[in-house]
Each structure stands twice: as C-alpha cells, then as structure tokens.
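*Asks:*
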Amino acid sequence: MSQAAAAVETGIHAEHHEDLNFLHKYILPLDHKIIAMQYIFTGMIMAIIGGYFAYAFRMQLAFPGELVPGYGLVGPGEYNMLVTNHGTIMIFWVAMPVLIAGFGNYLIPLMIGCDDMVFPRINRLSYQIFLVSALVLILSFFVKGGGFGGAWTAYPPLSSVAEYNLTDWGSSLWVLAVALEFISFLLGGINFVTTAMNARAPGMKMMDIPIAVWFIVIAVILFMASVGPLIAGAVMLFMDQRIGTTFFLPSGGGDPLLWEHLFWFFGHPEVYVVLLPTLGIVADIITVFSRKKLFGYKTVLYTAFATGGLSFVVWAHHQFIAGIDPRMANIFVVTTVLISIPLAEMMFSYIATLYGGSIELKTPMLWALSFLAAFLIGGVTGIYLGASALDVYFHDSYFVLAHFHYTFFPITIIGMFAALTFWFPKMFGRMMNETLGKIHFWGTFIPFNCIFLPLFFLGLAGQHRRIYNYQHFPDLATQELQNIRIFATVSLVVMLLFQLVFVYNFFVSMFKGEKAPDNPWRANTLEWSTSSPPPHGNFKKLPTVYRGAYEYSTPGREEDFWPQNVAPE
Amino acid sequence: MIEYFILSASSFSGDIDNLFLVITLIIGFWFILVFGALVYFTLKFRRKDGVKAKYITGEKHSETKWTHYPHYAVIAMDVVIIAANIIVWVNIKQTLPPKDNLIRVIGQQWSWSFVDAGPDGVLDTADDITTVNDLHVKVDETYHFELQARDVIHNFSVPVFRLRQDALPGRTIKGWFKPTNTGSFDIQCAEMCGYGHGIMGGAITVHTKESYDETIVQIKNGTYESHYQKRMGTKTPLPSNTSHTEGHNSFAVLLASIF
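Sequences listed follow chains C and D, in order.
Per full-length UniProt numbering, the first sequence starts with residue 1, numbered consecutively.
Per full-length UniProt numbering, the second sequence starts with residue 1, numbered consecutively.
1. So, does the region 210 to 225 of chain C touch the region 180 to 197 of chain C, judging by three or more C-beta pairs under 8 angstroms?
2. For Y106 of chain C, count neighbouring C-beta atoms within 10 Å of its own C-beta (all shown protein chains included) and say buried if the count is 16 or more, exposed if not.
3. For E3 of chain D, name the three-state secondary structure that DSSP assigns.
4. What residues in its chain sit with their C-beta under 7 angstroms from that of S2 of chain C, if we drop five residues either side in the sequence?
5. Establish whether the CB of E59 of chain D and some CB of chain C are separated by less than 9 angstroms.
6. Check the Cβ of K52 of chain D against every Cβ in chain C and list those closer than 8 angstroms, keeping chain order.
7. For a contact meaning CB atoms closer than 8 angstroms, what does S45 of chain D contact in chain C?
8. Give the single residue among D:A190, D:I204 and D:S8 whose Cα lies nearest to the Cα of D116 of chain D.
9. For H136 of chain D, which residues does DSSP report across the bridge?
10. With DSSP collapsed to three states, give me the class of P533 of chain C.
11. Between T205 of chain D and chain C, is any beta-carbon pair separated by less than 9 angstroms?
12. Against A368 of chain C, what residues of chain D qualify as contacts under a CB-to-CB distance less than 8 angstroms, listed in chain order?
13. Based on the DSSP secondary-structure assignment, which residues constitute the bridge partners of R104 of chain D?
14. Is G201 of chain D closer than 9 angstroms to L135 of chain D when the C-beta atoms are compared?
15. Mind pulling the alpha helix (DSSP H) runs of 4 or more residues that sit fully within the region 65 to 116 of chain C?
16. Taking a contact to mean a Cβ-Cβ separation below 9 angstroms, would you say S157 of chain D touches R231 of chain D in this structure?
17. Leaving aside the five residues before and after H248 of chain D along the sequence, list all residues of the same chain whose C-beta is less than 8 angstroms from its C-beta, in chain order.
18. Threshold first: 4 residues or longer. Then list the alpha helix (DSSP H) segments lying entirely within the region 188 to 262 of chain C, N to C.
19. According to the neighbour-count rule (16 or more other Cβ atoms, all chains shown, within 10 Å of its Cβ), is M192 of chain D buried or exposed?
20. In whole angstroms, what separates the C-alpha of W423 of chain C from that of F417 of chain C?
21. Under three-state DSSP, which class holds S240 of chain D?
22. Please determine if the region 160 to 177 of chain C and the region 235 to 242 of chain C are in contact, where contact requires at least 3 C-beta pairs separated by less than 8 angstroms.
23. Which residue from C:T353, C:A488 and C:I34 puts its Cα closest to that of Y398 of chain C?
24. Under a Cβ-count criterion, where at least 16 other Cβ atoms within 10 Å of its own Cβ denotes burial, should Y432 of chain C be classed as buried or exposed?
25. Can a CB atom of chain D be found closer than 9 angstroms to the CB of R466 of chain C?
26. Measuring CB to CB, does V333 of chain C end up less than 9 angstroms from H317 of chain C?
27. Helix or strand or just coil, what does DSSP make of W110 of chain D?
28. If we ignore side chains and look at the alpha-carbon of each, how far apart do V274 of chain C and F457 of chain C end up?
29. Is the region 164 to 171 of chain D touching the region 138 to 152 of chain D, taking contact as three or more C-beta pairs under 8 angstroms?
30. So which of C:M328, C:V282 and C:A196 has the shortest CA-CA distance to S388 of chain C?
31. Thinking C-beta only, is D284 of chain C closer than 9 angstroms to A549 of chain C?
32. When the distance is taken between beta carbons, is Y127 of chain C closer than 9 angstroms to A101 of chain C?
33. Quick one: which chain D residues come within Cβ less than 7 angstroms of R327 of chain C?
34. Please identify, using Cβ separations under 7 angstroms, the residues of the region 148 to 176 of chain C that lie next to chain D, in order along the chain.
35. Closer than 7 angstroms by beta-carbon distance: list the chain D residues that pair up with I351 of chain C, in chain order.
36. P533 of chain C and F428 of chain C - do their beta-carbons sit closer together than 9 angstroms?
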C-alpha cells in the first residue's frame with residue numbers, strides 16, 4: 001500500500017519538470033489547482049443556469065400568465081421543472097463543486113504545505129465524472145416530456161412512475177445525474193481525507209491545521225458516511241422507473257416512506273456538508289482581517305465534530321407529518337434542537353474573535369461578516385421548524401423556503417464570493433478591484449434580504465410551495481400578498497443585475513488587475529508563503545511548520561502576523 | 001403573531017400560535033444579542049493606526065466564560081422550547097379526542113374527494129355524502145379524518161386550522177380537527193404531486209347547525225352549487241395562465257376548464 005502511494009508520488013514529481021501543453025495543462029490536468037478551477041468554473045456556469053431558472057419562475061409568480069422576457073411562457077409543468085432543477089442545481093452542482101470540490105482541491109494541498117493531492121489521477125477522474133453528471137442533467141431538460149418536475153426531494157411514487165410525473169426520461173436522467181455526481185464526490189472525498197491526514201508539511205500537528213482545511217475534511221467525512229444509503233436509494237428509484245420494480249410502490253409491496261428515510265438520512269448531513277467549508281473559510285477570513293487569533297481554536301473544532309455527529313440523528317425532522325409514528329417526532333425534536341448548542345457556541349466564538357480586533361472591512365471581510373449575519377437569521381428560524389408542532393403549520397410553506405434560503409444562500413453564494421475575493425490574488429496573481437467589489441457586495445446583500453425576508457411573511461399567511469399561480473387559492477390570491485411576491489421578484493432581478501459587476505470585475509482583474517504580491521492580506525497560512533499564482537508543485541521548497549495558523553498580533557513581535565513557516569528567531 | 005396574518009379557526013390553532021410566540025421571544029432575545037454584538041464589535045474595533053489587536057487565545061477560563069455562560073443559557077432555553085413543543089404536539093398529533101363526526105379524505109391527481117360518514121358515523125354505508133373539492137363541516141364539533149391517497153403523496157392542508165398532514169398511497173392516516181369559526185376557507189395540497197399540483201385546491205366551509213342541514217338537503221336533491229366554484233368566482237383571482245393557449249399549454253387549459 002505505502003509502496004504504491006510512494007510510486008504515485010514519484011510519478012508526480014517526474015511530471016513537475018515537464019513543460020505541459022495546453023491539453024495536458026488545462027483539459028486533462030493532474031495539478032490540483034487547475035482541477036479546482038475546473039470545478040469552480042463549472043459550478044459558476046451551473047449557478048448561472050440555476051439563477052436563470054429562479055428568474056423565470058419568480059417572474060411567473062409576480063406576473064402570472066405573462067410571457068417572461070428571455071424565457072417565454074411558464075406553464076405548470078415547466079414551473080415544476082424549473083423549481084425542481086433550481087434546487088437540484090444549486091445544491092448538487094453549485095454548493096458541492098465550488099465549496100467542497102473546488103476550494104477543497106485548491107486549499108488542502110496549499111494550506112498543509114504539500115505539492116499536490118495524494119491521488120492526482122483519481123482527482124482528475126472525479127472531475128470528469130462530475131462533468132458528465134452535469135451534462136446528463138442538462139440533457140434531461142431537453143428530452144421528450146421535459147425535465148423532471150417532482151421537486152428536488154423526488155418523493156416516489158411521483159418520481160418513480162412515468163404516468164404520474166409525465167416526464168418519463170426526464171426523471172430517469174435526473175436520478176442518473178445525481179447518482180453520478182455522488183460517485184464523483186466519493187472519489188474526491190477519499191482523496192481529500194487521505195491528503196489532509198498523510199501529506200502535511202513537517203511540523204504541522206493536528207492542531208496547527210487551518211480551520212478551513214479541518215472543516216472541509218469533516219464535511220467530506222460526513223458526506224462519505226451519509227451518501228451510501230442515498231446511492232442505494234437512487235439505484236432502487238432508477239430500477240422502479242426503468243425495469244418496473246416496486247421498491248417504493250405500495251401496490252407492489254413497496255413503501256414511499258422508505259425513500260424519504262434514505263433521502264433525508266443523506267439530506268440532512270448534506271446541509272452540514274456544505275455549511276462546514278463556508279464556516280471554515282469564514283473563520284480564516286475574519287482572523288486575517290481582524291488581526292486576531294481565532295477565539296478557542298479547539299472549541300470551534302470540537303463544535304464542528306459535535307454538529308457533524310448530531311446531523312446524523314436529526315433527519316426525520318423533515319418527516320414530522322409525513323405519516324411516521326407521531327411519537328417518533330419527539331425524539332427528533334430533541335436531537336434537532338440540540339444542534340443549536342454546538343452551533344451557538346461556534347457562533348459565539350466567531351463573534352468573540354472580533355472582540356478587541358483591528359478590523360479592516362475589505363471586500364472578503366464584508367462577505368464573511370455578512371455570512372455571519374445572514375446565517376444567524378437562517379439558524380434561529382430553524383428552531384421554529386425543529387419544533388414539530390410548528391411544523392404542522394409550516395411544513396412545505398414559504399416559511400420553510402425562506403428559512404433554508406437564509407441558510408443556503410449565505411453558505412453557497414456568500415461563501416463562494418468570500419472565498420473567491422479572498423483567494424483571487426493567489427489564484428490568478430492579480431488583485432480584484434476593491435470599489436467594484438464593494439458595489440457588488442452591497443448590490444447583492446441588500447436585495448438578498450429584500451427577496452427572502454418578505455417570504456417569511458408569505459409563509460406565515462399560509463402560502464404553500466411549488467405553486468405556479470395562486471389563482472386557485474382565493475385566500476392567497478389577494479392583492480396584498482401579490483404585492484409581496486412582486487417586491488421579492490423585483491429584488492431578485494436587481495440582485496441578478498448586480499452580478500454583472502462581479503463578472504466584469506472578475507474577468508477584467510484576472511487579466512488586467514494590479515499585480516498581487518505573494519501575501520497581500522498579510523496572512524499566516526502556508527498558501528501565502530509561495531508565489532501568486534503558485535507554480536506547478538506549489539512550493540519551490542516544501543515548507544516546515546513551526547506554529548498554528550492564527551498567530552496574529554502576538555505580543556512581543558513588531559509584525560502583527562507570524563506565518564506558520566517562519567522559523568522562530 | 002401568526003393570527004395577525006391569517007385567521008385562527010380551529011381548537012388547536014391558538015396553541016400553535018402561542019408556541020410560535022414563545023419561540024419568537026426566546027430566539028428574538030438571542031438574535032438581538034448576537035446580532036447586536038456582531039454589529040457593535042465590527043464598528044467599535046475598526047482598524048486604527050498604531051493600535052495593535054488584542055492577543056486572546058480563548059482557551060483560558062477567564063476568556064471562555066464569555067462563550068460558555070451564554071452557551072449554558074442556550075441549553076436552558078432549548079429545554080423550554082422542547083417541553084413547550086412536546087405539550088402542543090402530543091395534544092394535536094398523538095391524542096384523538098372523542099369524535100362527533102367521521103370523514104374520509106382522499107387525495108388524487110389533482111383533486112380532493114370527501115366522504116362524510118353521515119348520521120350513523122360509519123363509513124361505506126348508504127347515508128354517506130360524497131363531495132369533490134368541497135368539504136362541509138359543522139362548527140364546534142370534533143371531526144376525525146381518515147386520510148388516503150390514490151396515486152402519489154399529497155398533503156391535506158387547511159391553513160386556518162393550522163393543519164397539515166401527508167397522505168400516503170397504501171396507508172390510512174388518522175387525525176382530527178375541531179373548527180371554531182364559521183366561513184369558507186382554502187384547502188391546499190402542500191406536497192408536490194405533479195403537473196397539476198398548482199390547481200389542487202378545495203374549499204372547506206364551516207357551517208352553523210342550521211346552514212349545514214340546509215346544504216346537505218341541497219346536495220341530496222341536486223340543487224347544490226359548489227362553494228369552491230363560488231369562492232373562485234367571487235374573490236378576484238390572479239390573472240390566469242390560460243390566456244395563452246398555444247401548443248404545450250393546452251393541457252393546462254383543459255385542466256382549468258374541468259375545475
């Protein structure tokens with residue numbers, strides 16, 4: 001085993017000295033940095049598709065029956081397809097590839113001070129399977145009958161019987177795409193954990209690993225431990241669809257509740273799988289821009305372990321009123337509400353980190369702080385939904401929708417922008433424009449709240465989800481509620497327009513931006529000790545680590561930072 | 001707080017509204033505290049030239065108490081939330097109070113069928129009253145329902161009652177409600193059930209004793225006019241998707257013309 005690993009390593013070292021052509025450098029890369037960018041760019045393209053879908057169905061809600069500019073008429077079937085695939089894309093093809101696969105790939109080797117992933121070829125294969133899965137998903141929109149429209153949770157029998165969902169091949173390709181995507185991240189996950197545990201620079205002890213790396217590793221372990229049941233479920237669903245088995249069909253002795261358990265056993269840890277990388281990224285950013293040591297490094301780390309562990313025993317809170325035994329709900333209420341304990345502790349530690357700091361509100365810091373603020377709303381509203389008796393009213397309402405957008409939007413979009421603006425100088429060797437960055441920040445964060453805060457009130461008024469036109473529900477078809485819908489939609493359009501500022505800033509800075517120094521933010525972690533962008537092989541000389549990642553403003557030093565690789569005098 | 005947005009019209013809807021209020025007070029306190037600290041620290045500890053940040057490891061007891069004491073308070077408040085919730089939940093979902101009437105609710109793509117057991121209180125007998133998308137009940141009487149689904153998962157939802165329950169194909173799920181206000185309200189399907197999910201609605205009409213008897217007579221002699229249709233007609237609904245009739249949308253036109 002170790003001999004094989006050694007052989008692979010020698011293989012990489014041999015390649016470092018070759019001059020690579022375009023095909024091998026950018027299309028079939030083994031370099032973790034290029035694979036990371038493949039993931040990030042693919043994720044961003046998928047984010048554009050997901051945002052476009054959101055635009056189309058929000059326009060239909062605000063102006064029912066009107067032709068949506070740039071899309072056309074959104075009928076009931078298309079509406080279902082749009083909301084289903086918006087959810088699927090944003091979670092599986094944006095949050096996962098950008099935060100875990102993308103930044104995981106980019107940051108793990110650089111932050112732990114090694115030259116590449118331990119298994120570069122598995123890494124490349126993982127991306128290739130991921131790309132195929134994205135193409136299969138896109139293909140599913142164009143087959144006869146259209147894309148799958150049975151919600152991203154895909155409850156059978158709706159998802160398993162073509163006569164019920166009317167999208168025969170659309171639903172099968174959807175399941176296939178999701179299963180392929182999971183296989184891709186399983187491969188990637190093995191690689192991440194192995195690399196972080198075995199390939200650290202000399203001197204880097206477990207408690208010297210930056211929180212960002214720790215949290216990505218924990219997230220990947222959660223993912224690998226929870227995804228098995230869902231892959232099994234996806235295979236069963238695919239067989240129900242294509243060869244007529246009846247795993248989930250009561251008339252054939254199956255049970256639709258089985259899928260719900262398999263799905264949510266994965267589905268809830270999945271929330272923490274995408275949450276933890278962002279929390280890790282935010283921890284690194286706030287320490288750098290407040291020049292402070294992270295408050296209670298070990299506490300933060302242990303709360304992440306506790307959150308991850310608890311996340312495996314809360315899944316049935318999605319099923320309080322799904323027909324499970326009502327007595328079971330009480331147990332899941334307890335475990336669900338308990339999750340507030342480690343997460344509150346973590347939140348307190350982050351905010352305590354700001355205390356006594358020297359805070360500089362650069363764009364990445366704005367994103368990181370706004371993540372804490374927005375995620376706080378998402379977190380506290382989760383308490384309502386963890387209480388089973390309130391779920392009797394809020395199940396599948398806009399209150400749920402607003403709640404999880406207040407968690408997923410900060411995690412995915414804010415987390416992505418925080419990470420991109422922070423590591424952009426390292427990735428491309430140039431600085432982003434700070435003014436445009438701030439315009440983009442405020443142009444995203446304010447409309448984001450204008451979209452989703454009003455939706456809480458629609459939920460309180462009893463509005464249920466996934467309805468293409470509320471005309472069939474007279475209590476919901478009032479002008480007051482319609483005005484709220486229009487306000488949310490207009491805010492969404494404003495927010496989408498401000499993304500053009502980012503696209504402009506991103507690409508212009510990539511080629512024409514001011515040249516970035518090696519360590520523009522004066523940060524401690526190892527990726528800042530190499531050149532910007534790092535060469536193939538990352539470090540000219542592999543670094544040695546002398547201390548933890550958060551030695552900022554250490555007493556007795558003139559500089560207010562102390563990089564991990566600088567030897568003590 | 002919920003009752004500010006929507007009428008509270010069943011015996012347990014007030015409990016749910018109160019639970020919402022209790023949780024709002026608790027998490028509102030935490031939200032203001034934590035958000036306030038976040039904003040205050042951000043403003044107070046802005047970078048000043050020549051001032052170095054404090055060096056705090058957060059590992060000494062004198063420091064950790066700032067996160068640990070709030071942490072214990074969170075645990076205490078969690079216990080309050082869990083206890084309050086379990087009391088309400090046991091009352092709504094785990095206990096069935098003695099029934100006055102029995103109905104069967106059947107969800108199918110994309111309509112609701114209601115079977116009232118009638119005066120004998122037994123389903124599948126000659127005095128059953130069957131209606132589609134229209135449920136008539138008497139105020140202040142306890143109803144037991146048997147919830148079924150013919151094809152896919154549906155969700156029987158009556159927002160004014162604060163009632164939602166999934167209907168699973170292959171199972172019969174029992175539940176109850178007791179209306180406290182008269183009037184006509186929305187019934188929704190709150191679980192994605194396919195193409196026509198957006199039109200799967202209905203009306204529940206809560207009657208006084210007299211008007212209930214009158215309606216039943218009308219249903220029996222055929223002079224009955226659907227309350228669901230009446231509601232859709234009198235309240236000004238939103239513009240319809242059916243104004244464009246070309247191509248793939250014709251199915252929606254067909255569905256809308258049925259209901």
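Just so it is clear, CB atoms sit at the ideal spot from N, CA and C, and this is done for glycine as well.
Here the structure is a predicted model, which is why all the values come from computation and not from measurement.
*Replies:* Taking the coordinates as given:
1. yes
2. buried
3. helix
4. Reliability fails at S2 of chain C, whose pLDDT of 44 lies under 50, so the model's placement of it is uncertain and no value is given.
5. yes
6. R291, S358, S553 and D560
7. As written in the sequence, residue 45 of chain D is Phe, which differs from the Ser given in the question. Near F45 of chain D (Cβ distances below 8 angstroms), the residues of chain C are S290, L354, Y355, G356, G357, S358 and I359.
8. D:I204
9. D:T205
10. coil
11. no
12. The premise fails here: A368 of chain C is roughly 11 angstroms from chain D at the closest Cβ pair, so nothing lies under 8 angstroms.
13. D:V115 and D:E146
14. no
15. 76 to 88 and 103 to 112
16. no
17. Since pLDDT at H248 of chain D reaches only 45, below the 50 mark, its modelled position is unreliable, and no value is offered.
18. 211 to 242
19. buried
20. 10 angstroms
21. coil
22. yes
23. C:A488
24. Looking at the sequence provided, one finds Met at residue 432 of chain C rather than Tyr. M432 of chain C is buried by the Cβ-count criterion.
25. yes
26. yes
27. coil
28. 27 angstroms
29. yes
30. C:M328
31. yes
32. yes
33. Q94
34. G150, A151, Y155, P157, L158, Y164, N165 and L166
35. V34, A37, L38 and F41
36. yes
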